[in-house]
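Worksheet for the structure shown next.
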Amino acid sequence: LSATYRLVDSLSFTTKISMLYAWNKTIHDYLQLIPSNRFENTLRYGFGDLGLCKKIYVSVTDIYISKQSRVPANSDYAVPPSGYMLLNANVGFSVLLRKQLMNISFSANNLLNTTYRDYMDRFRYFMDEPGRNFTLRVRVSFGTPNHNESNN
-17 LSATYRLVDS LSFTTKISML YAWNKTIHDY LQLIPSNRFE NTLRYGFGDL GLCKKIYVSV
43 TDIYISKQSR VPANSDYAVP PSGYMLLNAN VGFSVLLRKQ LMNISFSANN LLNTTYRDYM
103 DRFRYFMDEP GRNFTLRVRV SFGTPNHNES NN
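Note that our numbering gives residue 132 to position 150 of the sequence shown, counting from 1, and the numbers run on in steps of one.
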C-alpha cells in the first residue's frame, strides 16, 4: 500500500506499507522465508529551478522493518533477527548540458549507523548489514532530451 499527500506545493509526504502473511494449510504452520512487515515514510521538498540546476529536491526517509515472528518452529539455523529502523537522506537535481539531460543525486543511507541483520539476507547468519554509506549517481539520458523526465 502506498499513498502520497502533497502538504503544500513543494512539500510532499509519502507512506508505504508492505505486509505479507503466508500460511501453509497442509501442515497448519507459517511458510518459511516470508519478508517482515515494512513501513516507510518519506518527506520530500522540491526547490524548483536555480540557474542551470532544474528540479532540485531534498528528501528524508525512515524505514522500519519489524521482526519476523511468523516462522515455523525449528525451521532455520538461527532465530529471526530483531526489527530495526533506518534513516536515509537524498538530494538531487537535473541539468541540461549540450542538449543532454543529466540527473545527479547524492544519497546517504543508514545515517544513524544502525547495526542490524535482515531476515531475508542469507549472510545474516554470519555478519551484520553494511553501516552508513553514501552514493553519488550520475545518469545521462542519450537521445532527444525530455524535459518532463522525473528524478528517479
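The C-beta atom is built at its ideal place from N, Cα and C for all residues, glycine as well.
Same chain, Cβ closer than 8 Å to F124, five either side skipped, listed in chain order: Q82
Can you find the residues in the same chain that come closer than 8 Å, C-beta to C-beta, to S(-8), ignoring five residues on each side of it along the sequence? Y27, G28, F29 and G30
Under the assumption that K37 contacts F75 (Cβ atoms under 8 Å), give the Cβ distance between them as a whole number of angstroms. 6 Å
Kindly indicate which residue of L34, N56, Y12 and N92 has the alpha-carbon position closest to the one of T43. N92
Do K(-2) and S18 have their CB atoms nearer than 8 Å? no
Quick one: what's got a C-beta closer than 8 Å to Q14's C-beta in the same chain, skipping five residues either side? V53, P54, S57 and D58
Taking the alpha-carbon positions, what's the T(-14) to F(-5) distance? 6 Å
Measuring alpha carbon to alpha carbon, tell me which of R80, L78, A60 and L69 ends up nearest F21. L69
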